[in-house]
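Numbering (UniProt numbering), first residue to last: 1 to 302. Beta carbons are placed, not taken as given, at the ideal position from N, Cα and C, and that holds for glycine. Accompanying notes for the structure given below.
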């Protein structure tokens, strides 16, 4: 198989992957909290063939040699974490974030029998996740209980640090009004009792993204640190909005009653989609031309 056919076939595969990614972005233009995916193209096995010394003429400015590659491939998919627009829902358990921040979640690892898996220290093993917000719910601690835990719609619990310094879910009493301020502090009000004071139940665990390229998609607008990351502290950094604000945390706010929409720009995605389709057509035509040239060469030999 000659170089032209290999070059075209490899490039067609990369262009098809780019088309699939753009189509996925367009399909999620109205998906709450969706972050668009981006890729770029890279050359495959680029080499430079040297020319004879006779071509090295005095005053020559063009590069020597002939650059030859074996097509193009797409780079690893990157998630763009730019801020999406906020949509008001007036629902107390809808939470959106402004600025570079994410909420930490966890899920207890369980064995085939449904029992929690324990580590060497006797504590349950947990999987960490991060989200930009969304629609949350209260999950009852046990049937008939008047308390519940703050969780996502698919059951991932929101982390909190209790008074003993241990990591635990955020406990919310049922039939209470929930108020979340811009710093992420969660208070509950008993509207049926005029004498009962509001109670602070916890604070949303907020983290700032330091190395977004090491976050991978975990589905349902959840993200986790990639397995090849050196350490979680190098990827995400815990922040406290109740303390002094820094330049990095000055613009971060928690918005109750709002949902962050997709950050997909439909015009940009459709424009890029058309450009990739045209590149696909040209590359397919190059493949056809290379095949015809090979056929002509075979006929000449015969």
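Margin query: Quick check on residue 109: buried or exposed, where buried means 16 or more other Cβ atoms within 10 Å of its Cβ?
Written below: Your numbering for residue 109 matches position 109 in the chain shown. Exposed is the call here.
Notebook entry, point to check: Identify the residues that DSSP records as bridge partners of residue 227: which are they?
Noted result: Stepping through the chain shown from its first residue, residue 227 is reached at position 227. None; residue 227 has no bridge partner.
Item checked: Residues of its chain near residue 296, where Cβ-Cβ distance is below 6 angstroms and the 5 sequence neighbours each way are ignored -> Position 296 of the chain shown, counted from the first residue, corresponds to residue 296. Nothing meets the Cβ criterion.
Checklist line | Neighbourhood of residue 307 by C-beta, 6 angstroms cutoff - its chain only, sequence neighbours within 5 removed | finding: Any question about residue 307 goes unanswered here, given that the chain covers just 1 to 302.
Check: Is it true that the CB of residue 273 sits closer than 9 angstroms to the CB of residue 39?
Finding: For the purposes of this step, residue 39 is taken as the residue at position 39 of the chain shown. For the purposes of this step, residue 273 is taken as the residue at position 273 of the chain shown. No, the pair does not count as a contact, with Cβ atoms beyond the cut-off.
Next item on the list: Specify the secondary structure class of residue 267 as computed by DSSP and reduced to three states.
Entry: As a working note, residue 267 is residue 267 in the chain shown. If DSSP states are grouped into helix, strand and coil, residue 267 belongs with the helices.
Note to self: Could you give the first and the last residue of the continuous alpha helix (DSSP H) run that contains residue 20?
What the structure shows: Against the chain shown, residue 20 aligns to sequence position 20. First-last of the alpha helix (DSSP H) with residue 20: 3 to 27.
Margin query: Taking a contact to mean a Cβ-Cβ separation below 9 angstroms, would you say residue 286 touches residue 4 in this structure?
Written below: Your numbering for residue 286 matches position 286 in the chain shown. Your numbering for residue 4 matches position 4 in the chain shown. Yes, Cβ-Cβ distance for residue 286 and residue 4 is below 9 angstroms.
Next item on the list: Specify whether the region 82 to 96 and the region 135 to 151 touch according to this definition: at least 3 beta carbon pairs, one from each stretch, less than 8 angstroms apart.
Entry: yes
Notebook entry, point to check: Which class does residue 77 belong to by DSSP, given the choice of helix, strand or coil?
Noted result: Your numbering for residue 77 matches position 77 in the chain shown. Residue state, collapsed to three classes: coil.
Note to self: On the CB-based measure, 16 or more other CB atoms within 10 Å of its CB, does residue 262 come out buried or exposed?
What the structure shows: By 1-based counting over the chain shown, the position of residue 262 is 262. Result: buried.
Item checked: Span separating the alpha-carbon of residue 104 from that of residue 184 -> Reading the chain shown from its first residue, position 104 is the one you call residue 104. Reading the chain shown from its first residue, position 184 is the one you call residue 184. Cα to Cα, residue 104 sits roughly 12 angstroms from residue 184.
Note to self: The beta strand (DSSP E) that contains residue 187, what's its start and end?
What the structure shows: The residue you call residue 187 lines up with position 187 of the chain shown. 185 to 189 is the extent of the beta strand (DSSP E) around residue 187.
Checklist line | Cβ-based burial, residue 224 [other Cβ within 10 Å; buried from 16] | finding: If you number the chain shown from 1, residue 224 lands on position 224. The residue in question, residue 224, is buried, as its Cβ has 16 or more Cβ neighbours within 10 Å.
Check: Can you tell which of 187, 169, 130 has its C-alpha closest to the C-alpha of residue 214?
Finding: By 1-based counting over the chain shown, the position of residue 214 is 214. Residue 214 has its Cα closest to that of 130, out of 187, 169, 130.
Checklist line | 6 angstroms Cβ shell around residue 304 - same chain, five flanking residues per side excluded | finding: No answer is possible for residue 304: the residues shown for the chain start at 1 and end at 302.
Notebook entry, point to check: DSSP state of residue 280, grouped into three classes?
Noted result: Start at 1 with the first residue of the chain shown, and residue 280 comes out as number 280. Three-state result, residue 280: helix.
Note to self: I'd like to check one pair, residue 84 with residue 251: are the Cβ atoms closer than 9 angstroms?
What the structure shows: Taking the first residue of the chain shown as 1, we reach residue 251 at position 251. Taking the first residue of the chain shown as 1, we reach residue 84 at position 84. Not closer than 9 angstroms, so no.
Check: Tell me which same chain residues have a C-beta within less than 7 angstroms of the C-beta of residue 90, skipping the five on either side of it?
Finding: Position 90 of the chain shown, counting from 1, holds the residue named residue 90. Hits under 7 angstroms: 257.
Next item on the list: Drop a sphere of 10 angstroms on the beta-carbon of residue 289, count the other beta-carbons inside from all chains shown, and report buried for 16 or more, exposed for fewer.
Entry: The residue you call residue 289 lines up with position 289 of the chain shown. So residue 289 ends up on the exposed side.
Next item on the list: Flag this pair as yes or no: are the beta carbons of residue 260 and residue 159 separated by less than 9 angstroms?
Entry: Indexing the chain shown from 1 puts residue 260 at position 260. Indexing the chain shown from 1 puts residue 159 at position 159. Not closer than 9 angstroms, so no.
Next item on the list: Can you tell me which of 175, 10, 284, 218 puts its alpha carbon nearest to the alpha carbon of residue 192?
Entry: Reading the chain shown from its first residue, position 192 is the one you call residue 192. The shortest Cα separation from residue 192 among 175, 10, 284, 218 belongs to 175.
Notebook entry, point to check: Going by C-alpha distance, which of 88, 7, 12 is nearest residue 278?
Noted result: Residue mapping note: residue 278 aligns to position 278 of the chain shown, counting from 1. That would be 12, whose Cα lies nearest to the Cα of residue 278.
Check: How is the beta strand (DSSP E) around residue 173 delimited, first residue to last?
Finding: As a working mapping, residue 173 is identified with position 173 in the chain shown. Start and end: 171 to 173.
Check: Run through DSSP, which three-state label would residue 290 get?
Finding: What you label residue 290 is simply residue 290 of the chain shown in a count that begins at 1. The answer is helix: DSSP assigns residue 290 an H, G or I state.
Check: What do you get for residue 32, buried or exposed, if any count of 16 or more other CB atoms within 10 angstroms of its CB means buried?
Finding: Mapped onto the chain shown, residue 32 falls at position 32. That one is buried.
Notebook entry, point to check: If residue 150 sits next to residue 170, beta carbons under 8 angstroms apart, how far is it from one beta carbon to the other, in whole angstroms?
Noted result: Start at 1 with the first residue of the chain shown, and residue 150 comes out as number 150. Start at 1 with the first residue of the chain shown, and residue 170 comes out as number 170. About 4 angstroms separates the two Cβ atoms, so the contact holds.
Check: When DSSP builds the beta bridges, which residues end up paired with residue 102?
Finding: Within the chain shown, residue 102 is the residue found at index 102, counting from 1. In the DSSP output, where bridge partners are listed per residue, residue 102 has 207.
Next item on the list: Report buried or exposed for residue 120, applying the criterion of at least 16 other Cβ atoms within 10 angstroms of its Cβ.
Entry: Indexing the chain shown from 1 puts residue 120 at position 120. Exposed.
Check: Out of 216, 168, 212, which has the shortest C-alpha to C-alpha gap to residue 204?
Finding: The count along the chain shown starts at 1 and reaches residue 204 at position 204. With distances taken between Cα atoms, residue 204 lies closest to 168.
Next item on the list: Report the partner residues of residue 148 according to the DSSP bridge assignment.
Entry: Working through the chain shown from its first residue, we reach residue 148 at position 148. Answer is 140, 172, bridged to residue 148.
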